[in-house]
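> Just passing along the structure, written as structure tokens.
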Amino acid sequence: MLRIEGLNQYYGGSHILRDIDLDVQAGRANCLMGRNGMGKTTLLKCIMGLVPIKGGRVLFHGEDISGRKPYERARLGLGYVPQGREIFPQLSVEENLRVPLASKRSKAIPDDIYDLFPVLKDMARRRGGDLSGGQQQQLAIGRALVLQPEILLLDEPIEGIQPNIVKEISDVIRLLNRERGITILLVEQKLPFARATADRFDIMNNGSVVASGEMDELGDDLIQEHLTV
């Protein structure tokens, strides 16, 4: 479904992503892992077109989308939940959810968004900035789901989230993947959450993918070498 081929990216003179090859198969839940500063967030931004690539290709269903704008990629079926959530704090919950619908004829928020996150319906009139961190994360995920993406990219979705909401988010991600067939590409450093949510891993180190496999193949040797701080 989503394939990255020989992707390179630079910030100034720093080579951030180095010949990245990554294959996310339809219906799978991949976790992109690695210590801070390894390029995980930059890779997601390159996939969404928020950061231009300097070499290589981003392919979606076999089509090279490397030159497409972020909103075009969203319309093709890529959903993105950025690190830090980036909701609009002055807009209401309902207005936040309607933002992706601006260019569509129908402005109706899909009912299943509120089924997944009932709190968003209860707080539809409240400003996004008045929500707790966990509620804002639910709003950010709901906003990404409004356009009914085929693949959902999530950048550290439980960062700074209270434990009870962490479980809810994990349950929703598993439901989206295993019952609704949405492909998942998750950036996450917390190993228990990664194991509970994803079925495959890719580890990044110094801007390169250095190990990949099924989640049950992630052993202590790889954890010690690439993940332990």
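1 is the number of the first residue of the sequence shown in the UniProt record's numbering; add one for each residue after it. Yeah, the Cβ is synthetic: ideal placement off N, Cα and C, and Gly gets one too. Quick caveat, the model's predicted, so the values are computed rather than measured.
#1: Measure the Cβ-Cβ separation of S56 and E5 and say whether it is below 8 Å.
#2: Do the CB positions of I20 and V210 come within less than 8 Å of each other?
#3: Taking all protein chains shown into account, decide if V99 is buried (16 or more other Cβ within 10 angstroms of its Cβ) or exposed.
#4: Would P157 be called buried (16 or more neighbouring beta carbons within 10 Å of its own) or exposed?
#5: Quick one: Cα of L101 to Cα of D220, how far?
#6: Using a threshold of 8 Å, state whether the C-beta atoms of L186 and A196 are closer than that.
#7: Drop a sphere of 10 angstroms on the beta-carbon of T228, count the other beta-carbons inside from all chains shown, and report buried for 16 or more, exposed for fewer.
#8: If we count Cβ pairs, one from each stretch, closer than 8 Å, do we get three or more for the stretch 77 to 88 versus the stretch 133 to 149?
#9: Could you pull out every unbroken alpha helix (DSSP H) segment of at least 4 residues lying fully inside the stretch 155 to 225, listed in chain order?
#10: Quick check: the Cα distance between R68 and R127, rounded to an integer number of angstroms?
#11: Starting from E95 and walking both ways along the alpha helix (DSSP H), at which residues does that stretch end?
#12: Would a C-beta distance cut-off of 8 Å place N205 and H226 closer than the cut-off?
#13: Assign L145 to one of two classes, buried (16 or more other C-beta atoms within 10 Å of its C-beta) or exposed (fewer than that).
#14: Sorted by chain position, which residues of the same chain lie with C-beta nearer than 6 Å to I47's C-beta, five sequence neighbours on each side aside?
With the given structure in hand:
#1: Reading off the sequence shown, one finds Gly at residue 56, where the question assumed Ser. Taking 8 Å as the Cβ cut-off, G56 and E5 qualify as a contacting pair.
#2: no
#3: exposed
#4: buried
#5: 45 Å
#6: no
#7: exposed
#8: yes
#9: 163 to 178 and 191 to 197
#10: 32 Å
#11: V93 to R98
#12: yes
#13: buried
#14: V58
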